[in-house]
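Q:
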Amino acid sequence: MLTPLYAVTTAPLDLEKVVRAVTDTDSSKTLQDIGPGAITSFVGIVRNENAGRRVLRLEYEGYEPLALRAFARIIEETTDRWAVRVALHHRLGTLQIGEASVIIAVASPHRADAFSACRYVIERVKQIAPIWKHEFFEGGDVWIEGATANPDDEQAITDALLLASGTTPS
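If you use this note's numbering, the sequence shown corresponds to residues 19 to 188, in order.
(1) Using a Cβ-Cβ cutoff of less than 7 Å, which residues in the same chain neighbour residue 148 once the five nearest sequence positions on both sides are dropped?
(2) Cβ atoms of residue 37 and residue 57: under 8 Å apart, would you say?
(3) Considering Cα atoms alone, identify which of 145, 152 and 154 is closest to residue 246.
(4) Which residue comes first and which comes last in the beta strand (DSSP E) that contains residue 10?
(5) Can you find the residues in the same chain that come closer than 6 Å, C-beta to C-beta, to residue 177, ignoring five residues on each side of it along the sequence?
(6) Relative to the C-alpha of residue 136, which residue among 150, 109 and 180 is closest?
(7) Spatial neighbours of residue 100 within its chain, please: C-beta separation below 6 Å, excluding the five flanking residues on both sides.
(8) Rounded to the nearest angstrom, what separates residue 97 and residue 133 at their Cα positions?
(9) Taking the beta strand (DSSP E) that residue 23 belongs to, which residues open and close that run?
(10) Smallest Cα separation from residue 138: which of 94, 151 and 162?
(11) Within a Cβ cutoff of 8 Å, which residues of the same chain sit near residue 120, ignoring the five residues on either side of it in sequence?
(12) The beta strand (DSSP E) with residue 59 in it runs from where to where?
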């Protein structure tokens, strides 16, 4: 069974499966089509500390149909800019310290494009994906703001591109 290029799930994420999604030879745009050279990955992990507080767990909530639409858009934006194949999987539900919340894999003929595209994907996820993080820490809890940009906001896209190139937006 083919691993989807993008997914939202309550099940634990699997880096190997996400990488397989960008290297699968049965897909329409395979690694062979774009020429092998590099695969980069990003795994977002639940940290045990944030803003000086000990984190106990995170809960991610999201509206799956809109999240999947945002993921499809992000992948399309990315593949329009770089010769890459992208997979993006995000977890929902309760996550413990050390668990993966998001995994991105990018295959490209060249490492520079793979790294830049991978960074662009995570920046756009943070900007436009309708997924919200509820952080539980010793002494309380807080919702972490996310998905505040309009998907068509050119400045947000420019900011994500700048971050992907290693430049901090002004």
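Note that CB positions come from ideal geometry on N, CA and C, so glycine has one too.
A: The structure says:
(1) Locating residue 148 in the sequence shown gives position 130, counting from the first residue. Here the set comprises 80, 81, 84, 85, 88 and 165.
(2) The count along the sequence shown starts at 1 and reaches residue 57 at position 39. The count along the sequence shown starts at 1 and reaches residue 37 at position 19. Cβ atoms of residue 57 and residue 37: closer than 8 Å.
(3) With the chain represented from 19 up to 188, any question about residue 246 goes unanswered, as that position is not in the structure.
(4) Residue 10 cannot be examined here, being either before or after the span of the chain that is shown, 19 to 188.
(5) Working through the sequence shown from its first residue, we reach residue 177 at position 159. The residues are 187.
(6) Against the sequence shown, residue 136 aligns to sequence position 118. Of the candidates 150, 109 and 180, the one whose C-alpha sits nearest the C-alpha of residue 136 is 180.
(7) Your numbering for residue 100 matches position 82 in the sequence shown. Excluding residues within five positions, the ones whose Cβ falls inside 6 Å are 131 and 135.
(8) Along the sequence shown, read from residue 1 onward, the residue named residue 97 stands at position 79. Along the sequence shown, read from residue 1 onward, the residue named residue 133 stands at position 115. Computed Cα separation, rounded: 13 Å.
(9) Here residue 23 corresponds to residue number 5 of the sequence shown, with the count starting at 1. It is not in any beta strand (DSSP E) - residue 23 carries neither H nor E in the DSSP assignment.
(10) One-based indexing of the sequence shown puts residue 138 at position 120. With distances taken between Cα atoms, residue 138 lies closest to 94.
(11) Stepping through the sequence shown from its first residue, residue 120 is reached at position 102. Same-chain partners within the cutoff: 31, 60, 61, 62, 106, 107, 108, 109, 140 and 143.
(12) Along the sequence shown, read from residue 1 onward, the residue named residue 59 stands at position 41. Residues 56-63.
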